[in-house]
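Count along the sequence shown from 1, then add 302; that gives the number in the working numbering.
Note that beta-carbon positions come from the ideal geometry of N, C-alpha and C, so glycine has one too.
Below is one structure, written out as structure tokens; the observations come after it.
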Amino acid sequence: MLSPAPSWPLDAPSPLWAKLSRERFSTPRLEGEIRADAVVIGGGIAGLATALAFLDRGCSVVLLEAATVGAGASGRANGQVIGTLTRHGPEAIAATLGQPFLDLVAGSADQLFALVARFGIDCDAVRHGWMQPAHSPGRARRAAGLAAQWARAGAPTEALDAAAVTRRIGAPGYFGGWLHRGGGHINPYAFTLGLARGVAAQGAHVFEHSPAGRIRPEADGWCVTTPAGSVRARVLALATGAHSGPLWPQLARSFVPVTSYQAATGPLGPRADRILPGDEAFSDTRQDLRYMRKDREGRIISGAALALQPGAALRLPRLVRQRLALLFPELRDTDMSAFWGGRIAMTVDRLPHLHRAPGMAAWVGCNGRGLALCCAMGGVLADAALGRPEAELALRPTQIQTIPLHAAVRRTARLILPWYRWRDRREI
Ligand SMILES: Cc1cc2nc3c(=O)[nH]c(=O)nc-3n(C[C@H](O)[C@H](O)[C@H](O)COP(=O)(O)OP(=O)(O)OC[C@H]3O[C@@H](n4cnc5c(N)ncnc54)[C@H](O)[C@@H]3O)c2cc1C
């Protein structure tokens, strides 16, 4: 049994996912000088998928991770595999970012589960679907429209009426929704470790405890220095997600890192069979999102954000328990057995953005839905760094747009939450 953590360090994965993971991976730090065709910075799913894409294109690869593989958002996520973006439906994605990117998003969950199969990743992968229940009648009508749009984009979807959602969740409270049969859930930390194992077995040199402190362009590529070594490579890919820092300062100012907290019940025994009996994952239509999935031992893992952070370790588990009890009154006295948090990279337009300089590329903007997207973006990031023409990239590179008054926005962004809640309650 895990005891509630009073706080969670930023260089460690979720205590629950680490405890449940049967995958293991660890490597020493980089010492001395090393050369490769490509250097990737960041040992989350985005960096590992990019390293794999470089290998698949015949490049030798070094990957540097500041802490340990999976210590960032990839090892802290709720674990829902979602082949959609946060805000934009298929028509909006095609209109803003183009048909190739829509195709990439539509195939992203397939890519994640293909990696599970390719490397035999032991991450409790369950592919019984991902559901979006609607919290208002208007949202239920929009959900039916989204299901139809995604079906036209080639995704296996269906609209659900209120009775079908009630049956699938095991509780009433929603007005309808839609189901994406290609989605599901994983232990995201185990997936990240398994992906690292696979990438290393293919020949990538992965170094943990090796923060890239400086990147410097040279005549024939890049030099990246870490506390005890350096890498020289022809091309460089930055996959530091919400943890992006001073390496590319404008990149770090182009998104807002938002803290999202997770809390898990203990194993619920036979009660778990009545909750999500089909073992789907779900995230509803609220702006202050409610979501959950089960793990292999019958815990419910859910989460939320907080407008004010002090006391999060006490307040967040209480909030999650209250919300769970609204759906499942029998859980009203259930204690949360694990608690953790992580950082999400939110962009102003809620879309991912790809940027490049000669021999270098980066992307940010998972907006809380990145597990599948990171898998699909690996090839795009590798191709962008290798200089593939813009018209051939599924996501077109853009100039970085920094957010005005970024430091102030970063500090105050979460204060928008009460307004989201107010709007959620009034939506019809
Ligand atoms: C609490 C939470 C719940 C979530 N739930 C879901 C979900 O259910 N479904 C979903 O699809 N998405 C979810 N997400 C989003 C998803 O986890 C992320 O989009 C995804 O994991 C991002 O992966 P990444 O590789 O880009 O970033 P990360 O996993 O954060 O990896 C970036 C890595 O870069 C490293 N790094 C940073 N700077 C340096 C440096 N200078 N040198 C070397 N390394 C460096 C960091 O240590 C880190 O390990 C969630 C996110 C959070 C935080």
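Residue range of the unbroken alpha helix (DSSP H) whose run includes residue i
| i | result |
| --- | --- |
| residue 317 | 317-322 |
| residue 347 | 347-358 |
| residue 444 | 439-454 |
| residue 725 | 719-728 |
| residue 500 | 490-503 |
| residue 517 | Where residue 517 is concerned, there is no enclosing alpha helix (DSSP H), although the beta strand (DSSP E) it sits in stretches over 516-520. |
| residue 537 | Here residue 537 belongs to no alpha helix (DSSP H); instead the beta strand (DSSP E) covers 531-540. |
| residue 574 | 573-576 |
| residue 399 | 392-399 |
| residue 714 | 708-714 |
Short Cβ contact (8 Å threshold) for residue i with residue j
| i | j | result |
| --- | --- | --- |
| residue 495 | residue 371 | yes |
| residue 335 | residue 484 | no |
| residue 560 | residue 379 | no |
| residue 353 | residue 363 | yes |
| residue 562 | residue 434 | no |
| residue 375 | residue 540 | no |
| residue 449 | residue 461 | yes |
| residue 595 | residue 603 | yes |
| residue 506 | residue 476 | no |
| residue 500 | residue 420 | yes |
| residue 615 | residue 719 | no |
| residue 430 | residue 635 | no |
| residue 408 | residue 456 | yes |
| residue 589 | residue 725 | yes |
| residue 357 | residue 504 | yes |
| residue 467 | residue 479 | yes |
| residue 730 | residue 439 | yes |
| residue 262 | residue 609 | Here the chain has residues from 303 to 730 only, and residue 262 is not among them. |
Endpoints, the beta strand (DSSP E) within which residue i is located
| i | result |
| --- | --- |
| residue 470 | First-last for residue 470: 464-471, but that is the alpha helix (DSSP H), not the beta strand (DSSP E). |
| residue 610 | Run containing residue 610: none; DSSP gives neither H nor E here. |
| residue 270 | The structure shown does not extend to residue 270, since the chain spans only 303 to 730, so no value can be given for it. |
| residue 564 | 558-567 |
| residue 415 | Here residue 415 belongs to no beta strand (DSSP E); instead the alpha helix (DSSP H) covers 410-421. |
| residue 666 | 662-666 |
| residue 658 | 655-659 |
Neighbourhood of residue i by C-beta, 6 Å cutoff - its chain only, sequence neighbours within 5 removed
| i | result |
| --- | --- |
| residue 515 | 527 |
| residue 441 | 587 |
| residue 332 | 509, 512, 528 and 531 |
| residue 722 | 589 and 590 |
| residue 600 | 569, 570 and 574 |
| residue 620 | none |
| residue 728 | none |
| residue 402 | 696 |
Cβ neighbours of residue i in the same chain (closer than 7 Å, five flanking residues each side left out)
| i | result |
| --- | --- |
| residue 667 | 557, 647, 649, 653, 654 and 655 |
| residue 316 | 377, 378, 491, 564 and 642 |
| residue 543 | 344, 346, 348, 374, 375, 647, 666 and 668 |
| residue 677 | 347, 351, 410, 413, 414 and 417 |
| residue 304 | At residue 304 the pLDDT is 32, less than 50, meaning the model places this residue with poor confidence; the figure from the coordinates comes in the next sentence. So the qualifying residues of the chain are 317, 318, 321, 639 and 640. |
| residue 472 | 576, 577, 578 and 579 |
| residue 555 | 704, 705 and 708 |
| residue 502 | 508 |
| residue 396 | 404 |
| residue 314 | 373 |
| residue 326 | 495 |
Opposing strand residues paired with residue i [DSSP bridges]
| i | result |
| --- | --- |
| residue 679 | Answer by DSSP bridge pairing: none, since residue 679 is not bridged. |
| residue 366 | 343 and 509 |
| residue 687 | Answer by DSSP bridge pairing: none, since residue 687 is not bridged. |
| residue 643 | 563 |
| residue 593 | 585 |
Proximal residues to residue i (C-beta, below 8 Å), its chain only, five neighbours per side dropped
| i | result |
| --- | --- |
| residue 661 | 519, 523, 524, 536, 537, 538, 687 and 689 |
| residue 626 | 567, 594, 602, 604, 633 and 636 |
Min CB distance residue i to chain C below 8 Å
| i | result |
| --- | --- |
| residue 541 | You won't find chain C in this structure, because it holds only one protein chain. |
(message) Tell me whether the segment 679-693 and the segment 701-720 touch, counting them as touching only if at least three CB pairs, one residue from each stretch, are closer than 8 Å.
(response) The answer is no - the segment 701-720 does not touch the segment 679-693, with fewer than three Cβ pairs under 8 Å.
(request) Count the C-beta pairs between the segment 344-355 and the segment 668-677 that are closer than 8 Å, then say yes if the count reaches three, no if not. (result) yes
(message) Does the segment 515-524 come into contact with the segment 623-631, if we say contact requires no fewer than three beta-carbon pairs (one atom in each stretch) closer than 8 Å?
(response) no
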